[in-house]
Amino acid sequence: MNKKVVLLAGLVLAVLVVWQLGWLDALTFDNLKQQQANLMAMRDAQPLMVSVVYLLIYVGVTALSLPGAAIMTLAGGAIFGLGWGLLLVSFASTLGATLAMLVSRFFLRDWVKQRFSHSMKKLDDGVEREGAFYLFALRLVPAFPFFVINLAMGLTRMKIWTFWWVSQVGMLVGTAVYVNAGTQLAQLQSPSDILSIQLLGAFVLLGVFPLLARKALEIYKSRQALRQWKKPAHFDTNLVVIGAGSGGLVSAYIAAAVKAKVVLVEKHQMGGDCLNTGCVPSKALIRSAKLAHEMRHADHYGLKSQQPEVDFAAVMDRIHAVIAEIEPHDSVERFTGLGVDVRQGSAKLISPWEVEITLNTGEMQRVTTRSIILATGAEPFVPDLPGLDKVDYLTSDNLWQLRDLPKRLLVLGGGPIGCELTQAFQRLGSQVTQVERGERLMAREDEDASQLVMQHFRQEGVDLRLQHQALRFEVTGDKKYLIAQKVAGEEVSIEFDRVVIAVGRKPRLRGYGLEELGLLPEEAKTLDTLDTNNYLQTIYPNIFACGDLIGPFQFTHAASHQAWHATVNALFGDFKKFAVDYRFLPWATFTDPEVARVGLNEQEAKEQGIDYEVTTYGIDDLDRAIADGQAYGFVKVLTQQGKDKILGVTLVGPHSGDLIAEFVLAMKHGLGMNKLLGTIHIYPTMTEANKFAAGNWKKAHAPETVLGWLQKFHQWRLK
Numbered sequence: 001m002n003k004k005v006v007l008l009a010g011l012v013l014a015v016l017v018v019w020q021l022g023w024l025d026a027l028t029f030d031n032l033k034q035q036q037a038n039l040m041a042m043r044d045a046q047p048l049m050v051s052v053v054y055l056l057i058y059v060g061v062t063a064l065s066l067p068g069a070a071i072m073t074l075a076g077g078a079i080f081g082l083g084w085g086l087l088l089v090s091f092a093s094t095l096g097a098t099l100a101m102l103v104s105r106f107f108l109r110d111w112v113k114q115r116f117s118h119s120m121k122k123l124d125d126g127v128e129r130e131g132a133f134y135l136f137a138l139r140l141v142p143a144f145p146f147f148v149i150n151l152a153m154g155l156t157r158m159k160i161w162t163f164w165w166v167s168q169v170g171m172l173v174g175t176a177v178y179v180n181a182g183t184q185l186a187q188l189q190s191p192s193d194i195l196s197i198q199l200l201g202a203f204v205l206l207g208v209f210p211l212l213a214r215k216a217l218e219i220y221k222s223r224q225a226l227r228q229w230k231k232p233a234h235f236d237t238n239l240v241v242i243g244a245g246s247g248g249l250v251s252a253y254i255a256a257a258v259k260a261k262v263v264l265v266e267k268h269q270m271g272g273d274c275l276n277t278g279c280v281p282s283k284a285l286i287r288s289a290k291l292a293h294e295m296r297h298a299d300h301y302g303l304k305s306q307q308p309e310v311d312f313a314a315v316m317d318r319i320h321a322v323i324a325e326i327e328p329h330d331s332v333e334r335f336t337g338l339g340v341d342v343r344q345g346s347a348k349l350i351s352p353w354e355v356e357i358t359l360n361t362g363e364m365q366r367v368t369t370r371s372i373i374l375a376t377g378a379e380p381f382v383p384d385l386p387g388l389d390k391v392d393y394l395t396s397d398n399l400w401q402l403r404d405l406p407k408r409l410l411v412l413g414g415g416p417i418g419c420e421l422t423q424a425f426q427r428l429g430s431q432v433t434q435v436e437r438g439e440r441l442m443a444r445e446d447e448d449a450s451q452l453v454m455q456h457f458r459q460e461g462v463d464l465r466l467q468h469q470a471l472r473f474e475v476t477g478d479k480k481y482l483i484a485q486k487v488a489g490e491e492v493s494i495e496f497d498r499v500v501i502a503v504g505r506k507p508r509l510r511g512y513g514l515e516e517l518g519l520l521p522e523e524a525k526t527l528d529t530l531d532t533n534n535y536l537q538t539i540y541p542n543i544f545a546c547g548d549l550i551g552p553f554q555f556t557h558a559a560s561h562q563a564w565h566a567t568v569n570a571l572f573g574d575f576k577k578f579a580v581d582y583r584f585l586p587w588a589t590f591t592d593p594e595v596a597r598v599g600l601n602e603q604e605a606k607e608q609g610i611d612y613e614v615t616t617y618g619i620d621d622l623d624r625a626i627a628d629g630q631a632y633g634f635v636k637v638l639t640q641q642g643k644d645k646i647l648g649v650t651l652v653g654p655h656s657g658d659l660i661a662e663f664v665l666a667m668k669h670g671l672g673m674n675k676l677l678g679t680i681h682i683y684p685t686m687t688e689a690n691k692f693a694a695g696n697w698k699k700a701h702a703p704e705t706v707l708g709w710l711q712k713f714h715q716w717r718l719k
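Read in order, the letters of the sequence shown are residues 1 to 719 in full-length UniProt numbering.
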């Protein structure tokens with residue numbers, strides 16, 4: 001900071017000296033006309049020296065963002081002529097602009113980033129994608145203040161080389177106009193003579209040209225992608241949706257609601273993973289496990305504790321009964337009644353407008369469609385570990401067919417799915433060993449959140465094996481072992497009866513004709529998702545994708561959020577398209593304690609260099625939590641430095657998945673901690689934790705000076 005202060009003081013002093021010496025007064029149009037003859041005589045006498053001095057002055061004026069750059073450009077033409085003048089001005093202006101950009105970056109970027117972190121993140125992302133393109137468009141319009149562009153670009157992460165060459169090329173046309181005008185200085189009465197209405201209009205058109213060219217390029221790329229395919233003369237339907245999971249069902253529902261003709265294709269079960277193998281069965285399992293846990297600890301509530309007699313087959317029967325009860329919400333009959341043409345079978349893309357459907361009955365059909373939405377989902381990723389095929393492994397897909405509770409269960413993976421299954425099976429009576437190669441569970445969450453979860457796991461008897469890298473599986477007689485390597489290199493053997501593989505999920509990409517259309521991502525990474533743009537379009541503008549197939553968040557509600565954008569863009573994108581926005585997407589892991597989050601957490605804020613404040617409230621102090629015997633966890637809120645704007649929230653404790661909704665609403669609509677504190681919350685409820693967190697923020701930002709004066713006022717009132 002001291003270096004910045006010294007340098008800033010030096011720059012300010014240099015500007016003041018220039019101003020006091022009256023040098024800025026010399027950079028006027030009238031003075032240039034008066035001195036033109038003298039300047040040209042000096043050029044004739046010492047051309048090299050005058051050129052160098054001119055270049056240095058130009059660089060200095062531009063670098064310090066001083067007024068007079070336009071006059072300097074005219075002087076270049078007046079003194080040196082079009083050729084040499086254009087060369088000098090072009091390089092001097094670019095060098096000066098680059099220095100101005102660096103000055104802005106050095107002095108202002110950190111300060112601006114601290115105060116406008118979210119806006120800067122969005123700006124940086126945009127600049128990274130298309131910054132050079134838009135800088136070029138702005139540079140083509142000399143009427144736009146270039147010094148503003150220099151300072152603004154200094155606040156971004158644009159590379160210096162990119163800024164240099166784009167500026168060099170982009171400013172060339174405008175520079176040539178001004179330098180050429182300088183060669184005709186005697187005929188000019190004022191600088192306004194240079195930029196006539198017609199010329200300004202031409203520059204504006206020139207600046208708009210790259211934007212139009214970009215749109216034309218998009219159209220060209222789309223046509224190139226579609227060029228090899230014959231477009232049908234007419235279409236059977238407006239939209240074909242492949243996959244009837246969360247994303248596909250929402251897509252079909254929205255399309256039918258706006259009276260589009262939509263075909264929904266599903267080869268397995270309606271409802272997808274969420275209903276049949278994911279969210280619904282896992283939460284039903286967790287509820288049974290929680291009740292078993294409460295029975296063991298009933299004495300905490302003044303009741304007699306007892307060891308539950310777990311009928312695991314009955315637990316599984318209940319899970320399937322829950323699925324059956326919810327199933328009508330996602331059924332063929334319901335969606336058919338909504339106006340969706342549901343076809344049960346396999347779908348394969350034949351062209352960007354044709355889908356071949358092989359019904360489960362064996363009948364084959366072809367459907368032509370204006371747009372397609374891929375919502376094929378994901379499936380458990382099974383690593384290629386030696387011996388895994390010999391141990392009859394389980395995944396989140398097939399474990400729901402279990403009828404006997406494993407005595408010793410090994411869970412491989414420390415993410416949300418692995419953690420939820422670990423605790424549930426431990427509470428139902430299995431001895432669970434959870435193996436994770438990282439230093440802690442739930443690595444995407446803050447360390448304090450994962451530490452509290454791990455503390456509860458250990459208290460409940462889970463054998464946590466952190467920093468253990470799975471190497472291979474071995475079978476000796478009727479005994480099964482995982483051989484893992486500890487961080488120090490030592491190999492350990494872990495015996496188990498059944499193993500659950502929960503190390504991630506991979507998108508379903510094969511068997512849908514994506515290979516033939518060139519839609520598959522590169523094969524370098526096993527877990528690569530399908531590529532889409534911000535509008536959820538693939539390389540074909542009429543083929544969209546949503547859900548686990550594309551990521552980056554593999555949640556049911558994320559798939560639904562994407563499905564809205566994909567459907568609206570597919571049906572109405574020719575008129576208006578909507579970019580998908582994940583800023584306020586929440587999620588939760590339903591362990592005990594639950595971990596819920598929206599926006600940034602601390603580790604992400606640190607990685608992104610965002611300046612933030614942390615406010616916490618311990619749920620152990622909450623009346624309702626104490627009454628319920630669940631006094632553990634915390635609310636942690638990240639806010640902008642010195643402001644009440646919420647950047648992110650992590651909730652750890654009972655009902656966190658429900659409590660986070662208030663923060664999601666607040667962030668979505670720009671409500672800060674003050675508004676949250678001013679909202680009435682029912683007593684006694686868990687939602688008061690959110691209010692008390694806001695109260696803690698308010699205490700930390702109390703106006704001490706005002707309170708001091710108020711104290712004196714009240715003392716005076718006692719007299």
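C-beta atoms are modelled at their ideal positions from N, C-alpha and C, and glycine is treated no differently.
How is the beta strand (DSSP E) around residue i delimited, first residue to last?
i	result
M364	M364 to L374
S351	D341 to S351
W587	W587 to T589
R408	R408 to L412
P380	A378 to P380
G387	Looking at the DSSP string, G387 is not in any beta strand (DSSP E), and its letter there is neither H nor E.
S560	Taken as a continuous stretch (DSSP letters only), S560 belongs to no beta strand (DSSP E), being part of the alpha helix (DSSP H) at T556 to F572.
N238	T237 to I242
For the alpha helix (DSSP H) that contains residue i, what are its first and last residues?
i	result
N360	Run containing N360: none; DSSP gives neither H nor E here.
Q426	P416 to L428
V52	P47 to A63
Y253	S246 to A257
Q451	E447 to Q459
Quick one, are the C-beta atoms of residue i and residue j less than 8 Å apart?
i	j	result
G599	V649	yes
N690	V635	yes
M454	R444	no
P323	P281	Correcting the residue type first, residue 323 is Ile in the shown sequence and not Pro. Contact flag set, yes.
L410	V435	yes
D431	K407	For clarity, residue 431 is Gln in the given sequence; the question names Asp instead. Yes, the Cβ-Cβ distance between Q431 and K407 is below 8 Å.
G573	Q562	no
Q307	R296	yes
D611	Q630	no
F473	L464	no
Relative to the C-alpha of residue i, which candidate in the options has its C-alpha closest?
i	options	result
I417	V635, A700, G438 and A588	A588
A596	G345, T679 and L651	L651
K699	T616, L402 and E266	T616
A570	Q537, D581 and L549	Q537
R510	L549, S493, H297 and Y535	L549
S656	A449, G672 and R498	A449
Q554	D273, F147 and T98	D273
A256	D341, V310 and T175	D341
T567	V250, Q46 and V706	V250
N180	G77, Q168, K719 and H329	G77
S93	L64, V112, F107 and F106	L64
L39	L66, A69, A75 and I71	A75
D621	H557, H297, N696 and L95	N696
V503	R717, I326 and L412	L412
R505	L520, V462, P552 and G461	P552
F107	A70, T156 and L135	T156
L82	T183, Q630, D384 and Q168	T183
D389	F235, I350, R498 and A97	R498
L311	K267, L402 and L676	Leu is not the amino acid found at residue 311; the sequence shown has Asp there. D311 has its Cα closest to that of L402, out of K267, L402 and L676.
Would you please state the rounded distance, in angstroms, between the beta carbons of residue i and residue j? I believe it to be under 8 Å.
i	j	result
G278	S396	7 Å
R366	E354	6 Å
M270	S331	6 Å
Quick check: the stretch 461 to 470 against the stretch 484 to 494, are there 3 or more CB pairs under 8 Å? Segments in contact, yes.
Below 8 Å, how does it come out for the stretch 238 to 255 and the stretch 362 to 379: are there three or more Cβ pairs, yes or no? Three or more pairs of CB atoms, one per stretch, sit closer than 8 Å, so the stretch 238 to 255 contacts the stretch 362 to 379.
Does the stretch 47 to 60 come close enough to the stretch 88 to 98 that 3 or more CB-CB pairs lie under 8 Å? Yes, the stretch 88 to 98 is in contact with the stretch 47 to 60.
Contact between the stretch 290 to 308 and the stretch 559 to 566: three or more CB pairs below 8 Å? Counting Cβ pairs under 8 Å, fewer than three are found: no touch.
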